[in-house]
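Participant: The structure follows.
In this note's numbering, the protein residues as written are 15 to 337.
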């Protein structure tokens with residue numbers, strides 16, 4: 015989804031910047047997006063919202079306070095929002111440990127998985143409960159098959175792909191900020207924005223940690239052994255995953271990597287909610303990349319974090335994940 019600056023929106027909708035800023039101040043455009051330089055950004059949801067506001071003003075002569083109550087009722091007040099995942103998804107995806115985890119048998123049939131899921135959720139449900147489910151996309155049938163058993167607006171599904179540490183950041187951000195949401199629509203807009211805008215660059219260990227060169231493929235040039243000394247760099251988004259480069263040593267290519275990140279940010283109007291560099295073993299690369307980013311992109315800020323309980327002890331990785 016395209017991102018726009020305020021001037022683009024004004025031209026597109028024939029509206030003044032002052033009016034948009036006033037809508038913002040009143041909380042009528044709550045899904046706030048900003049660049050690394052803190053420039054306000056807008057998307058199609060904001061365009062649709064502004065169109066709805068102007069329609070209600072014109073067709074029903076409603077004041078903006080009444081429009082806000084209609085478009086964004088405080089329907090989360092008094093609700094118990096529970097973020098759900100399952101043990102299989104937790105194994106495949108880097109999700110926050112703060113989510114409620116349902117024990118799942120990954121070898122069970124879809125019907126048995128759905129039954130287990132429903133039993134757990136139903137036994138913990140009351141009239142104020144709202145379930146937000148984050149899970150690996152392969153389990154979509156199990157989660158979707160029981161949707162009709164729950165009251166309207168009480169069971170929401172967010173199937174996820176495996177990409178970097180972005181899903182950890184998304185699930186942690188939503189868990190940490192749940193108390194800030196009073197409206198269900200706003201909560202969904204934010205979750206969808208973080209999922210669709212998030213991406214990770216994954217700096218993997220050398221190829222020889224994943225594959226071995228068999229004797230029958232060797233030649234006197236030994237070129238395959240040289241090739242497997244290289245480290246792949248993978249770009250992962252919500253829609254695709256691709257290998258974008260190979261480096262003999264990522265530390266020697268920090269400036270190139272910074273330019274790559276800067277280019278990716280430029281493609282989305284430099285939108286950033288949060289950014290973090292994760293490492294499994296050593297923080298040398300993370301520190302070098304953070305410093306180079308600070309020099310090249312002075313408005314961009316990111317944290318550094320060690321990956322807890324990294325399961326592949328012989329396999330070193332680094333990620334920079336942005337949501």
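Glycine included, each C-beta is placed from N, C-alpha and C at the ideal position.
The structure presented is a predicted model; accordingly, all values stated were derived computationally and were not measured.
Taking only the alpha-carbon atoms, compute the straight-line gap between residue 203 and residue 35 and give it to the nearest angstrom.
Facilitator: Rounded to whole angstroms, residue 203 to residue 35 spans 19 Å at the Cα level.
Participant: Can you grab the Cα-Cα spacing for the pair residue 337 / residue 47, in whole Å?
Facilitator: C-alpha separation (whole angstroms): 11 Å.
Participant: Within 6 Å: the Cβ of residue 277 and any heavy atom of the ligand MG?
Facilitator: This structure lacks the ligand MG; in fact it carries no ligand of any kind.
Participant: Do residue 198 and residue 89 have their C-beta atoms closer together than 7 Å?
Facilitator: Going by C-beta atoms, residue 198 is nearer than 7 Å to residue 89.
Participant: Based on the DSSP secondary-structure assignment, which residues constitute the bridge partners of residue 216?
Facilitator: Looking at the DSSP assignment, residue 216 forms a beta bridge with 248 and 333.
Participant: What do you get for residue 286, buried or exposed, if any count of 16 or more other CB atoms within 10 angstroms of its CB means buried?
Facilitator: Buried, because 16 or more other Cβ atoms sit within 10 Å of the Cβ of residue 286.
Participant: Three or more C-beta pairs closer than 8 Å, one from the stretch 178 to 195 and one from the stretch 130 to 141: is that the case here?
Facilitator: With a cut-off of 8 Å, the stretch 130 to 141 and the stretch 178 to 195 do not count as touching, because too few Cβ pairs lie within range.
Participant: For the 8 Å Cβ check, are there 3 or more pairs between the stretch 244 to 257 and the stretch 206 to 218?
Facilitator: Flag = yes, the stretch 244 to 257 and the stretch 206 to 218 touch.
Participant: Taking only the alpha-carbon atoms, compute the straight-line gap between residue 141 and residue 91 and give it to the nearest angstrom.
Facilitator: In a straight line, the C-alpha of residue 141 is about 13 Å away from that of residue 91.
Participant: Using beta-carbon positions only, say whether residue 150 and residue 107 come within less than 7 Å of one another.
Facilitator: Result yes, Cβ atoms of residue 150 and residue 107 sit closer than 7 Å.
Participant: Considering only C-alpha positions, which residue in the set 316, 99 and 294 is nearest to residue 324?
Facilitator: Closest option to residue 324, Cα to Cα, is 294.
Participant: Tell me whether residue 86 sits in a helix, a strand or coil according to DSSP, three-state version.
Facilitator: Coil.
Participant: Going by CA-CA distance only, name the one from 282, 75, 130 and 157 that's closest to residue 50.
Facilitator: Closest option to residue 50, Cα to Cα, is 282.
Participant: List the DSSP bridge partners of residue 318.
Facilitator: DSSP output for residue 318 lists 291 as bridge partner(s).
Participant: Going by DSSP, name the residue or residues bridged to residue 147.
Facilitator: DSSP lists 98 and 171 as partners of residue 147.
Participant: Am I right that residue 277 and residue 307 are in contact with their C-beta atoms under 8 Å? What's the rounded C-beta distance?
Facilitator: That pair is no contact at about 13 Å.
Participant: What number of angstroms, rounded off, separates the C-alpha of residue 21 from the C-alpha of residue 59?
Facilitator: Taking the straight line joining both Cα atoms gives about 17 Å.
Participant: Quick one: residues in its chain with C-beta nearer than 8 Å to the C-beta of residue 173, no 5 flanking neighbours on either side, listed in chain order?
Facilitator: Excluding residues within five positions, the ones whose Cβ falls inside 8 Å are 149, 150, 151, 153, 154 and 157.
Participant: Determine the contact status of residue 333 and residue 216, defining contact as a CB-CB distance below 7 Å.
Facilitator: Going by C-beta atoms, residue 333 is nearer than 7 Å to residue 216.
Participant: At which residues does the beta strand (DSSP E) containing residue 115 begin and terminate?
Facilitator: Here the beta strand (DSSP E) through residue 115 covers 114 to 116.
Participant: Quick one: give me the first and last residue of the beta strand (DSSP E) that residue 177 is part of.
Facilitator: Note, residue 177: premise wrong, no beta strand (DSSP E); not H, not E.
Participant: Tell me whether residue 284 sits in a helix, a strand or coil according to DSSP, three-state version.
Facilitator: Correct three-state label for residue 284: coil.
Participant: In its own chain, which residues sit with a C-beta less than 8 Å from the C-beta of residue 220, not counting the 5 before and 5 after it?
Facilitator: Only 242, 243, 244 and 245 meet the Cβ criterion.
Participant: Apart from the five residues on each side of it in sequence, which residues of its chain come closer than 6 Å, Cβ to Cβ, to residue 12?
Facilitator: Because the chain here runs from 15 to 337, residue 12 falls outside it and cannot be looked at.
Participant: If I measure Cβ to Cβ from residue 196 and keep anything under 7 Å in the same chain, skipping five residues before and after, which residues do I get?
Facilitator: Only 88, 90 and 91 meet the Cβ criterion.
Participant: What is the residue span of the beta strand (DSSP E) that residue 225 lies within?
Facilitator: Where residue 225 is concerned, there is no enclosing beta strand (DSSP E), given that its DSSP letter is neither H nor E.
Participant: Out of 83, 105, 110 and 328, which has the shortest C-alpha to C-alpha gap to residue 224?
Facilitator: When each option's Cα is compared against that of residue 224, the closest is 328.
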